[in-house]
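Novice: Got a structure for you, questions after.
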Amino acid sequence: MYSNASRGRRTIAATMAMGLVLVACGGDDDDATDTAAPTEDTADTDGDTAGEDAGDDGAAAPDADAFADAPEVEVVFGHPFPDQHHLAVNVLQPWMDEVTEMTDGTVRFDVQPAGALSGPPDNYEHPAAGVTDMGWALHGYTPGQFPITQVIELPFVFGSAVQGTEVLWNLYEEFPEFQDEYGEVQVLALWAHDVGDLFTTSTPVESTDDVRGLSIRTPAPMQNALIETLGGSAVGMPAPELYDSLDRGVIDGLLIGHSGVPTFGLEEVVGHVTRGNFFVGTMFLVMNPATWDAMSPEQQAVFQETAFEDLSMRLAEDMDQVGGEAVDQFEEWGFEIHELDESQLQEWRDATADVPQSWIDSMGDDVQAQEMYDRMLELAGVN
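Numbering (mature numbering (1 follows the signal peptide of the UniProt record, and there is no 0)), first residue to last: -26 to -1, 1 to 357.
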């Protein structure tokens, strides 16, 4: 599943993480402090190989004795999604349980779902400021915060969450300005969600002209540009608000990943889907840097083994799994399915051809935007 280069990077990082544990366990308290795992700032000088890329199967967690003097850490985890969201149930809760077990109970998580502590726009800012310890959300919920990351969301590039996530991590590791976008936090995971398409309540959409005049919910600025270029009205809206907005006719349709349809019960309020691999969105899981620094090297090593690229791929795989299951139910739900053929897809690509250039032009001289875009297409296998 992973490229040889990616696997090699993770192997190096895992070896470094193991060395960190051995040094920390063999010294006194001062030595253990000196060997703490690198934060985002220090890791950047080394291509983040001691941090984000850790987690290869060759690494082993410290044994229970390593946590005898470790601090008791309670990680307050806020996010805007339902507590039964498939990523929470299938991946994040098992991962948190794993971390708690591997740290001999010294790291525990207090999960606050459904916006109890942090609304949709707050889940990056709150961990950055220390209001919460950990946050998870769509990048698109904080417009303007992640202009570089949104390159992944450019239209008609990716065919799956796994593919998008692999490319995302490659760009993150290769371009320092990509890493700098997360300078206020400790990154734990970055991933793409499954392919998103255009869903409408009652209006069939096959040609680009059919979008004109429609009010379409978009999850992020890049999709705003897509819809507005086609003459539609883009409406930013977090996913938990979608059902009521569709039901009451506030919006005519939406762009969303296939997995989002059953997650938010939207099969009850949409009637049409236009399939064309329109986009993948992106998500983050981040930690307050002071929370990270307060952990012992042994506790940090557990995160290094279980999080970062490996956790990101687990999340992406779950997105693809749930998204695929949703597609299999489109007919059962009574959707009218409008599958764009190659000539129709080319019409859509041609009509939105200015969107990538607009992103490149908006980045400024201090961002290698053209190089990043070209590299993304190369990694994705897009001509």
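Backbone N, C-alpha and C define an ideal beta-carbon position, used for all residues, glycine too.
When you compare the segment 246 to 253 with the segment 159 to 177, are there three or more beta-carbon pairs, one atom per stretch, that lie closer than 8 Å?
Specialist: The segment 246 to 253 vs the segment 159 to 177: in contact.
Novice: Leaving out five residues on either side along the sequence, give the residues of the same chain with a beta carbon under 6 Å from the beta carbon of proline 236.
Specialist: The answer, listed in chain order, is Ala300.
Novice: At which residue ranges does the segment 163 to 241 contain complete alpha helix (DSSP H) runs of 4 or more residues, listed in the order of the chain?
Specialist: Entirely contained in the segment 163 to 241, the alpha helix (DSSP H) runs reaching 4 residues are, in chain order, 195 to 203, 216 to 221 and 234 to 237.
Novice: Whose C-alpha, out of Glu151, Gln318, His232 and Ala103, is nearest the C-alpha of residue 384?
Specialist: What the structure shows of the chain is the stretch from -26 to 357, and residue 384 is not part of that stretch, so it cannot be assessed.
Novice: Would a C-beta distance cut-off of 8 Å place valine 49 and leucine 289 closer than the cut-off?
Specialist: Cβ atoms of valine 49 and leucine 289: not closer than 8 Å.
Novice: At the level of alpha carbons, what is the spacing between alanine 275 and glycine 118?
Specialist: Straight-line Cα distance between these residues: approximately 33 Å.
Novice: Whole angstroms are fine: how far does the CA of methionine 257 sit from the CA of threonine 265?
Specialist: Taking the straight line from one Cα to the other gives about 21 Å.
Novice: I'd like to check one pair, leucine 204 with phenylalanine 238: are the Cβ atoms closer than 8 Å?
Specialist: Contact: no.
Novice: Quick one: what does DSSP say threonine 16 is sitting in, helix, strand or coil?
Specialist: Reliability fails at threonine 16, whose pLDDT of 37 lies under 50, so the model's placement of it is uncertain and no value is given.
Novice: For histidine 312, which beta-bridge partners are listed by DSSP?
Specialist: Paired residues: Thr248.
Novice: Under a three-way DSSP split, which group does aspartate 84 fall into?
Specialist: Aspartate 84: strand per DSSP, three-state reduction.
Novice: Cβ of glutamine 278 within 8 Å of Cβ of valine 81?
Specialist: For glutamine 278 and valine 81, no; Cβs fall outside 8 Å.
Novice: Please state whether DSSP places glycine 297 in a helix, a strand or coil.
Specialist: Helix.
Novice: Just to confirm the assignment, what range does the alpha helix (DSSP H) spanning valine 276 have?
Specialist: 271 to 280 is the extent of the alpha helix (DSSP H) around valine 276.
Novice: For the pair the segment 308 to 318 and the segment 123 to 143, tell me if three or more CB-CB distances fall below 8 Å.
Specialist: Taking 8 Å as the limit for Cβ pairs, the verdict is that the segment 123 to 143 does not touch the segment 308 to 318.
Novice: Verify whether the separation of the beta carbon atoms of valine 162 and valine 260 is less than 8 Å.
Specialist: The question names valine, but residue 162 in the sequence shown is leucine. Yes, Cβ-Cβ distance for leucine 162 and valine 260 is below 8 Å.
Novice: Compare the C-alpha of threonine 74 against each of Val47, Leu91 and Tyr98 and name the closest.
Specialist: Considering only alpha carbons, the answer is Val47.
Novice: Figure out for me which residue from Gly187, Asn251 and Trp143 has the closest Cα to the Cα of glycine 170.
Specialist: Considering only alpha carbons, the answer is Asn251.
Novice: Quick check: what's the CA-CA separation for glutamate 310 versus glutamate 321?
Specialist: Approximately 21 Å, taken between the alpha carbons.
Novice: Among residues of its own chain, excluding the 5 on either side of phenylalanine 51, which ones have a beta-carbon nearer than 6 Å to its beta-carbon?
Specialist: Counting only Cβ-Cβ distances below 6 Å, and skipping sequence neighbours, we find Phe83, Val85 and Met108.
Novice: At which residues does the alpha helix (DSSP H) containing alanine 264 begin and terminate?
Specialist: Per DSSP, alanine 264 belongs to the alpha helix (DSSP H) from 263 to 268.
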